[in-house]
Amino acid sequence: MTIPEPGGPDALLWSEVPDPVPGPGEVVVDVRATAVNRADLLQRQGHYPPPPGAPAYPGLECSGMIGAIGPGVAGWEVGQEVCALLAGGGYAERVAVPAGQLLPVPAGVDLVDAAALPEVACTVWSNVVRLARLAEGETLLVHGGGSGIGTFAVQLGVALGATVVVTARAAKHERLRELGAAHTIDYREQDFLEEVRRVTDGRGADVVLDIMGASYLSRNVAALAADGRLVVIGMQGGRKGELDLGELLAKRGTLAATALRSRPTGQKAEIVRGVQEQVWPLVEAGRVRPVVDRRLPITEAAQAHRLVESSDHLGKVLLTLG
1 MTIPEPGGPD ALLWSEVPDP VPGPGEVVVD VRATAVNRAD LLQRQGHYPP PPGAPAYPGL
61 ECSGMIGAIG PGVAGWEVGQ EVCALLAGGG YAERVAVPAG QLLPVPAGVD LVDAAALPEV
121 ACTVWSNVVR LARLAEGETL LVHGGGSGIG TFAVQLGVAL GATVVVTARA AKHERLRELG
181 AAHTIDYREQ DFLEEVRRVT DGRGADVVLD IMGASYLSRN VAALAADGRL VVIGMQGGRK
241 GELDLGELLA KRGTLAATAL RSRPTGQKAE IVRGVQEQVW PLVEAGRVRP VVDRRLPITE
301 AAQAHRLVES SDHLGKVLLT LG
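For the sequence shown, counting from 1, position 238 maps to 238 in the UniProt record's numbering; every step adds exactly one.
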């Protein structure tokens, strides 16, 4: 799925491109499914170019079968079912992937649904667990709880023994409570800061996972508990905000901001190993599962982009091939 010119959903064009060839340390995956991420929407609009060396078309994760193996790759076999974290190129029949970014399809997960896992699992684990060190008994505040990131973060937080509070549209609250959220906040009608203070008896959240950026910055800091950790992973609410360093200092708070797509392959491989070791057992035990709103043929990618832009979905929207 190429983007000849940046624009709206109809800028996506299903066209023929050269087949990828696996380089040293790479495999080629015959794609069975991919997922729509916010980064794909930004790339289509011309705001988020792929990193150097990545395919020019969208798709940050996929599932499928290994079709070819490059020099220096061990531990993988042609025909093996896998899912993968990508720097781009998932909207295609085939994609070349560094072997360190491959994951086996977890036991009990359908091959197509496995395409909903790599990006969210790596994003949530690397930020909530590895960076913010969420611990049992703590409170996790997740913004955008109805998204792919949000639905995964709710489940992982609960599995780790945390109390999870989410912001989301009211229509999504019941499903989020089914996933384990202890408290749901309608960000359209309620002030999340007041609600977080209320449900924590004024203590605040130990960890905040934020997709909004500038528009939520001051309230996120105010919502932190003492020694709290705020991790910003998106800028849907803008790039520039005002930070009260005095408030952050008084709380001994930590503010971090991360991106996954632009990380070097070595760092991605390290994150993928951590996910396989610590998250995959939870998936295979059924404590964390992919949440899929719907599957659409990849030829209907424009419709899928419109759906994700509307935020009317819950979980991931998948694009299927074959």
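Heads up, the beta-carbon is just placed ideally off N, CA and C, and yes, glycines get one too.
Starting from residue i, trace the beta strand (DSSP E) both ways and give me its first and last residue.
{"i": "His183", "result": "183-186"}
{"i": "Arg133", "result": "Segment: none, Arg133 is in no beta strand (DSSP E) and carries neither H nor E."}
{"i": "Pro106", "result": "No beta strand (DSSP E) holds Pro106; DSSP gives it neither H nor E."}
{"i": "Thr258", "result": "Looking at the DSSP string, Thr258 is not in any beta strand (DSSP E), and its letter there is neither H nor E."}
{"i": "Ile66", "result": "61-69"}
{"i": "Asp293", "result": "292-297"}
{"i": "Gly228", "result": "224-232"}
{"i": "Glu309", "result": "Here Glu309 belongs to no beta strand (DSSP E); instead the alpha helix (DSSP H) covers 301-310."}
{"i": "Val317", "result": "316-320"}
{"i": "Val78", "result": "No beta strand (DSSP E) holds Val78; DSSP gives it neither H nor E."}
When the distance is taken between beta carbons, is residue j closer than 8 Å to residue i?
{"i": "Leu296", "j": "Leu319", "result": "yes"}
{"i": "Ala222", "j": "Arg252", "result": "no"}
{"i": "Val105", "j": "Val73", "result": "no"}
{"i": "Val31", "j": "Gly75", "result": "no"}
{"i": "Gly228", "j": "Ala205", "result": "yes"}
{"i": "Val208", "j": "Gly180", "result": "no"}
{"i": "Ala214", "j": "Gly237", "result": "yes"}
{"i": "Ala68", "j": "Val78", "result": "yes"}
{"i": "Gln101", "j": "Lys268", "result": "yes"}
{"i": "Arg198", "j": "Asp186", "result": "no"}
{"i": "Ala11", "j": "Ala116", "result": "no"}
{"i": "Arg289", "j": "Gln155", "result": "yes"}
Compute the Euclidean distance between the alpha carbons of residue i and residue j, then round it to the nearest angstrom.
{"i": "Cys62", "j": "Gly7", "result": "24 Å"}
{"i": "Thr200", "j": "Pro22", "result": "51 Å"}
{"i": "Val112", "j": "Val317", "result": "11 Å"}
{"i": "Val308", "j": "Pro9", "result": "11 Å"}
{"i": "Pro118", "j": "Leu103", "result": "8 Å"}
{"i": "Arg177", "j": "His183", "result": "7 Å"}
{"i": "Val142", "j": "Ala99", "result": "31 Å"}
{"i": "Arg38", "j": "Leu160", "result": "26 Å"}
{"i": "Val279", "j": "Glu5", "result": "38 Å"}
{"i": "Leu249", "j": "Ser218", "result": "13 Å"}
{"i": "Asn220", "j": "Asp244", "result": "11 Å"}
{"i": "Asp40", "j": "Thr258", "result": "18 Å"}
What are the boundary residues of the alpha helix (DSSP H) that residue i is part of?
{"i": "Asp202", "result": "In the sequence as displayed, the identity of residue 202 is Gly instead of Asp. Taken as a continuous stretch (DSSP letters only), Gly202 belongs to no alpha helix (DSSP H), as it is neither H nor E."}
{"i": "Thr2", "result": "Counting along the chain, Thr2 falls outside any alpha helix (DSSP H), and DSSP gives it neither H nor E."}
{"i": "Leu117", "result": "Looking at the DSSP string, Leu117 is not in any alpha helix (DSSP H), and its letter there is neither H nor E."}
{"i": "Pro98", "result": "Not the alpha helix (DSSP H): Pro98 falls in the beta strand (DSSP E), residues 94-98."}
{"i": "Ala159", "result": "148-159"}
{"i": "Leu41", "result": "38-44"}
{"i": "Leu282", "result": "280-284"}
For residue i, name the three-state secondary structure that DSSP assigns.
{"i": "Asp19", "result": "coil"}
{"i": "Gly237", "result": "coil"}
{"i": "Val172", "result": "Before going on, a small fix: residue 172 reads as Lys here, not Val. Three-state result, Lys172: helix."}
{"i": "Phe247", "result": "According to the sequence provided, residue 247 is Glu. The question's Phe does not apply to it. In the structure shown, Glu247 sits in a helix (DSSP, three-state: H, G or I)."}
{"i": "Ser262", "result": "coil"}
{"i": "Asp191", "result": "coil"}
{"i": "Arg252", "result": "coil"}
{"i": "Arg32", "result": "strand"}
{"i": "Ala84", "result": "strand"}
{"i": "Glu242", "result": "coil"}
{"i": "Glu270", "result": "helix"}
{"i": "Glu26", "result": "strand"}
{"i": "Val73", "result": "coil"}
{"i": "Val208", "result": "strand"}
If we cut at 8 Å on Cβ distances, does residue i have a partner in chain B?
{"i": "Pro50", "result": "Absence of chain B from the displayed structure is noted, only one protein chain being present."}
Counting beta carbon pairs with one atom in the stretch 48-55 and one in the stretch 69-84, are three or more of them shorter than 8 Å?
Output reads no: the stretch 48-55 does not touch the stretch 69-84.
Quick check: the stretch 126-133 against the stretch 184-198, are there 3 or more CB pairs under 8 Å?
They do not touch, by the three-pair rule.
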